[in-house]
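Protein chains: 2
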Amino acid sequence: MDIAQLRDKILKQDRRALARAITLVESAREDHRHQASHLLETLRGAGKQALRIGLSGTPGVGKSTFIESFGMMLTAQGLRVAVLAVDPSSARSGGSILGDKTRMDRLSRDPNAYIRPSPSQTHLGGVARRTREAVALCEAAGFDVVLIETVGVGQSETVVAEMSDLFLLLLAPAGGDELQGVKRGIMEMADIILVNKADGDLKSAAMRTCADYSGALRLLRKRPQDPQGYPKAMTVSALQENGLETAWQDMQTLIEWRRETGHWAGRRTQQAQYWFHEEVRQGVLALLEQGDARAALDRLETSVAKGEITPAAAADQVLAVLNIRAD
Amino acid sequence: MDIAQLRDKILKQDRRALARAITLVESAREDHRHQASHLLETLRGAGKQALRIGLSGTPGVGKSTFIESFGMMLTAQGLRVAVLAVDPSSARSGGSILGDKTRMDRLSRDPNAYIRPSPSQTHLGGVARRTREAVALCEAAGFDVVLIETVGVGQSETVVAEMSDLFLLLLAPAGGDELQGVKRGIMEMADIILVNKADGDLKSAAMRTCADYSGALRLLRKRPQDPQGYPKAMTVSALQENGLETAWQDMQTLIEWRRETGHWAGRRTQQAQYWFHEEVRQGVLALLEQGDARAALDRLETSVAKGEITPAAAADQVLAVLNIRAD
Numbered sequence: 001m002d003i004a005q006l007r008d009k010i011l012k013q014d015r016r017a018l019a020r021a022i023t024l025v026e027s028a029r030e031d032h033r034h035q036a037s038h039l040l041e042t043l044r045g046a047g048k049q050a051l052r053i054g055l056s057g058t059p060g061v062g063k064s065t066f067i068e069s070f071g072m073m074l075t076a077q078g079l080r081v082a083v084l085a086v087d088p089s090s091a092r093s094g095g096s097i098l099g100d101k102t103r104m105d106r107l108s109r110d111p112n113a114y115i116r117p118s119p120s121q122t123h124l125g126g127v128a129r130r131t132r133e134a135v136a137l138c139e140a141a142g143f144d145v146v147l148i149e150t151v152g153v154g155q156s157e158t159v160v161a162e163m164s165d166l167f168l169l170l171l172a173p174a175g176g177d178e179l180q181g182v183k184r185g186i187m188e189m190a191d192i193i194l195v196n197k198a199d200g201d202l203k204s205a206a207m208r209t210c211a212d213y214s215g216a217l218r219l220l221r222k223r224p225q226d227p228q229g230y231p232k233a234m235t236v237s238a239l240q241e242n243g244l245e246t247a248w249q250d251m252q253t254l255i256e257w258r259r260e261t262g263h264w265a266g267r268r269t270q271q272a273q274y275w276f277h278e279e280v281r282q283g284v285l286a287l288l289e290q291g292d293a294r295a296a297l298d299r300l301e302t303s304v305a306k307g308e309i310t311p312a313a314a315a316d317q318v319l320a321v322l323n324i325r326a327d
Numbered sequence: 001m002d003i004a005q006l007r008d009k010i011l012k013q014d015r016r017a018l019a020r021a022i023t024l025v026e027s028a029r030e031d032h033r034h035q036a037s038h039l040l041e042t043l044r045g046a047g048k049q050a051l052r053i054g055l056s057g058t059p060g061v062g063k064s065t066f067i068e069s070f071g072m073m074l075t076a077q078g079l080r081v082a083v084l085a086v087d088p089s090s091a092r093s094g095g096s097i098l099g100d101k102t103r104m105d106r107l108s109r110d111p112n113a114y115i116r117p118s119p120s121q122t123h124l125g126g127v128a129r130r131t132r133e134a135v136a137l138c139e140a141a142g143f144d145v146v147l148i149e150t151v152g153v154g155q156s157e158t159v160v161a162e163m164s165d166l167f168l169l170l171l172a173p174a175g176g177d178e179l180q181g182v183k184r185g186i187m188e189m190a191d192i193i194l195v196n197k198a199d200g201d202l203k204s205a206a207m208r209t210c211a212d213y214s215g216a217l218r219l220l221r222k223r224p225q226d227p228q229g230y231p232k233a234m235t236v237s238a239l240q241e242n243g244l245e246t247a248w249q250d251m252q253t254l255i256e257w258r259r260e261t262g263h264w265a266g267r268r269t270q271q272a273q274y275w276f277h278e279e280v281r282q283g284v285l286a287l288l289e290q291g292d293a294r295a296a297l298d299r300l301e302t303s304v305a306k307g308e309i310t311p312a313a314a315a316d317q318v319l320a321v322l323n324i325r326a327d
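Okay, structure coming up:
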């Protein structure tokens with residue numbers, strides 16, 4: 001593959017070149033990895049800084065409808081929108097949350113939108129790196145907004161939040177016993193909570209749910225990167241396309257404040273450092289997957305569970321297998 | 001030191017032997033570590049399973065007053081109570097949160113109570129292991145309740161929660177803009193939130209704060225290890241010794257339910273496995289502290305922050321220094 005040519009086409013916003021490049025970064029083949037690294041290196045600093053929006057929501061909250069309505073609103077304003085997905089379950093299920101483009105029929109036919117199905121990957125570490133690389137390629141291809149969707153399996157929200165400028169949590173209305181629905185830790189990552197389906201019979205339930213989450217958000221310690229009033233909860237109806245303009249304005253207010261105060265750049269720098277350390281950690285911890293260490297881990301985990309050995313003594317034995325001296 | 005003799009004295013609930021044994025597990029000297037391991041091995045399964053209660057609260061919420069009142073109530077019921085502390089800041093500050101026993105004057109003179117100041121340690125990993133070992137020694141010495149206190153610096157709540165059967169979060173009343181006080185992630189670890197200082201002028205503020213947290217807790221996904229109504233928030237006055245009996249009853253209800261459903265034993269097993277894996281991880285990651293790796297990390301972190309290299313390419317370079325092949 002001619003990397004220089006691919007680079008030029010991406011910078012000219014050629015969609016087929018972008019698709020080919022994303023396929024390249026998704027490949028696990030060693031020669032592809034080298035080409036991908038080279039391509040990303042030649043593209044570093046090129047293109048534009050898109051607004052990276054992370055979006056989490058469990059199945060049933062209307063995520064596809066929201067992305068379609070929200071995306072169409074943005075493209076109608078002349079913005080170019082890319083949609084990516086982090087779906088660590090796709091390797092197991094064989095499917096992919098964005099594989100079925102009919103979910104977003106209008107948006108997928110919009111020339112200013114680019115929807116990329118999630119790749120099938122075996123581990124989240126790989127998914128994270130490849131998604132970050134796909135985001136970088138979309139930025140090189142001049143997209144204004146990159147939406148990164150996740151269904152929230154395992155640690156995938158953290159992965160998405162750590163590569164986004166803005167993190168949205170989409171919820172459905174709920175009442176009484178139906179509450180208790182938010183996975184621990186997510187509420188605290190959200191910059192804006194959107195209670196969807198604020199239409200028809202569910203409208204008042206959506207408003208109550210929104211008030212509940214507004215109250216809960218007020219109990220959290222204020223983050224230095226937030227202006228007054230953030231994080232916030234609000235209602236939208238993706239179906240009726242209500243509240244999307246207001247939500248977009250609130251996102252822009254937050255982002256403009258962060259740009260002016262330096263928190264935008266600071267966050268991007270922190271994220272780059274996070275991923276650097278995370279990739280180093282994952283690389284080092286991969287030592288534990290080697291034959292002898294893996295066998296010792298499995299054997300001793302059982303002994304620890306049975307109370308036959310203390311966790312500390314068992315850990316020392318595993319480290320001894322790796323010739324690492326315990327403290 | 002005669003380990004067999006020390007063991008026998010601990011099992012006979014000799015307080016001086018317990019104190020000597022805790023000093024032994026706190027020592028970083030290699031011969032002491034060996035003796036400590038041997039002692040813990042000979043004590044494994046002896047004594048009783050105490051109720052391990054983790055307690056977090058920022059300075060000013062009345063933590064010492066609560067521990068004293070709550071502890072005195074328990075000893076008045078004939079229970080033997082040990083108080084330990086996880087204070088990762090003590091190494092830096094030179095002090096220790098439990099060093100000043102005058103904070104708990106009555107409890108420290110109670111023959112059924114044992115208060116142990118936090119050791120000065122340099123890193124949280126070491127603090128965690130030594131605190132777990134001190135807990136095991138207190139159980140061997142027949143204590144019924146082990147209270148593990150933390151001020152909540154850095155990751156210390158996670159450390160305490162992962163060695164407790166029950167995790168309490170102590171809060172002070174707050175109103176309006178004073179809210180936003182809870183560190184992200186803690187609310188989600190708490191089994192019971194206690195809003196202290198529900199007395200005098202602060203009583204109504206305490207009740208409002210309690211209602212706010214009750215509402216917020218209902219928004220979290222239900223945990224399988226919780227019966228109906230948990231996690232819960234309630235008001236107490238440690239100063240006036242109000243609400244402590246009710247809080248203790250609610251703790252016992254929760255713990256009895258967990259014992260009957262097997263979640264108590266399951267949680268202890270999971271915690272042992274957590275600490276096993278955590279110690280292995282920390283041991284492996286210590287490779288990064290070695291000279292060449294440390295230097296590469298520091299140098300490349302700066303380059304990543306400046307945008308001179310991608311996080312992935314930088315990580316590959318660090319792993320190359322350690323002769324670890326990147327994926």
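So the protein sequences, as listed, match chains A and B. With UniProt numbering, letter number 304 in the first sequence gets 304, and the count goes up by one each step, no holes. With UniProt numbering, letter number 132 in the second sequence gets 132, and the count goes up by one each step, no holes. We put the CB at the ideal spot given by N, CA and C, even for glycine. Note that the coordinates shown come from a computational prediction; the quantities given were computed from them, not determined experimentally.
Asked	Found
Express the C-alpha separation of His34 of chain B and Ile324 of chain A in angstroms, rounding to a whole number.	17 Å
In whole angstroms, what separates the C-alpha of Pro173 of chain B from that of Val146 of chain B?	26 Å
Pairs of beta-carbons, one from the stretch 247-260 of chain B and one from the stretch 258-275 of chain A, closer than 8 Å: are there three or more?	no
So what's Tyr114 of chain A in DSSP terms, helix, strand or just coil?	strand
Please check the pair Val182 of chain A and Arg223 of chain B, which I expect to be a contact at CB under 8 Å, by giving their CB distance rounded to whole angstroms.	Contact flag wrong, Cβ pair sits at about 12 Å.
Could you tell me if the beta carbon of Ala265 of chain A falls within a distance shorter than 7 Å of some heavy atom in the ligand SAH?	This structure does not include the ligand SAH; it has no bound ligands of any sort.
Name, please, each residue of chain B whose Cβ falls closer than 8 Å to the Cβ of Ser27 of chain A.	Neighbours of Ser27 of chain A on chain B: none; closest Cβ ~12 Å, over 8 Å.
Could you name the residues of the stretch 251-270 of chain A whose beta carbon sits closer than 8 Å to any beta carbon of chain B, in the order they occur along the chain?	Thr269
Measure the CB-CB distance between Asp192 of chain B and Leu168 of chain B and report whether it falls below 8 Å.	According to the sequence displayed, residue 192 of chain B carries Ile and not Asp. Yes, they are a contact pair.
So, helix, strand or coil for Lys232 of chain A, using DSSP?	strand
Kindly indicate which three-state DSSP category Val25 of chain B falls into: helix, strand or coil?	helix
Kindly indicate which three-state DSSP category Val166 of chain A falls into: helix, strand or coil?	Inspection of the sequence shows that residue 166 of chain A is occupied by Leu rather than by Val. Looking at Leu166 of chain A - three-state DSSP - the assignment turns out to be strand.
Let me see if you follow: with CB-CB separation under 8 Å, is Asp212 of chain B close to chain A or not?	yes
At a CB distance below 9 Å, what residues from the stretch 48-60 of chain A approach chain C? Give them in sequence order.	Looking at the structure shown, chain C is missing, and the protein chains on hand are A and B.
Would Arg132 of chain A and Met163 of chain A qualify as a contact pair, given that the criterion is a beta-carbon distance under 8 Å?	yes
With Arg52 of chain B as the anchor, note down where its beta strand (DSSP E) starts and where it stops.	51-56
Does the count of Cβ pairs from the stretch 306-315 of chain B and the stretch 276-289 of chain A closer than 8 Å reach three?	yes
Can you name the residues of chain B whose CB is closer than 7 Å to the CB of Val304 of chain A?	Ala272, Gln273, Phe276
Let me check understanding here. Comparing Cα to Cα, which of B:Ile186, B:Asn196, B:Ala50, B:Arg208 lies closest to Asp165 of chain B?	B:Ala50
Which class does Ala315 of chain A belong to by DSSP, given the choice of helix, strand or coil?	helix
For Leu219 of chain B and Gly185 of chain B, what's the separation of their Cα atoms in angstroms?	14 Å
Going by C-alpha distance, which of B:Leu300, B:Leu287, B:Gly243 is nearest Thr269 of chain A?	B:Leu300
According to the Cβ coordinates, are Val160 of chain A and Leu194 of chain A closer than 8 Å?	no
Tell me the rounded alpha-carbon separation between Ser90 of chain B and Glu157 of chain B.	Confidence in Ser90 of chain B is poor, its pLDDT being 48 and thus under 50, which makes the residue's placement unreliable; the coordinate value appears in the next sentence. If I take the Cα positions, the gap works out to 15 Å.
Using 8 Å as the cut-off, can you tell me whether the stretch 3-15 of chain B makes contact with the stretch 288-303 of chain B, which would need three or more C-beta pairs spanning the two stretches below that distance?	no
List the DSSP bridge partners of Asn242 of chain B.	B:Ser237
Please name the residues in the stretch 30-50 of chain A whose beta-carbon is closer than 9 Å to at least one beta-carbon of chain B, in chain order.	Arg33, Ser37, Leu40, Glu41, Arg44, Gly45
For Val61 of chain B, name the three-state secondary structure that DSSP assigns.	coil
Is there a C-beta anywhere in chain B that falls below 8 Å from the one on Gly200 of chain A?	no
Relative to the C-alpha of Ser56 of chain A, which residue among A:Ala85, A:Ala233, A:Thr75 is closest?	A:Ala85
In this structure, what does DSSP give as the bridge partners for Val195 of chain A?	A:Leu171, A:Thr235
Does the CB of Val284 of chain B have a neighbour CB from chain A at under 8 Å?	yes
Would you tell me roughly how many angstroms separate the C-alpha atoms of Arg106 of chain B and Phe70 of chain B, rounded to the nearest one?	11 Å
Using a Cβ-Cβ cut-off of 8 Å, state whether Ile324 of chain A counts as contacting chain B.	yes
Around the Cβ of Pro311 of chain B, are there at least 16 other Cβ atoms within 10 angstroms (buried) or fewer (exposed)?	buried
Alpha carbon to alpha carbon, what distance is there between Ala136 of chain B and Leu322 of chain A?	28 Å
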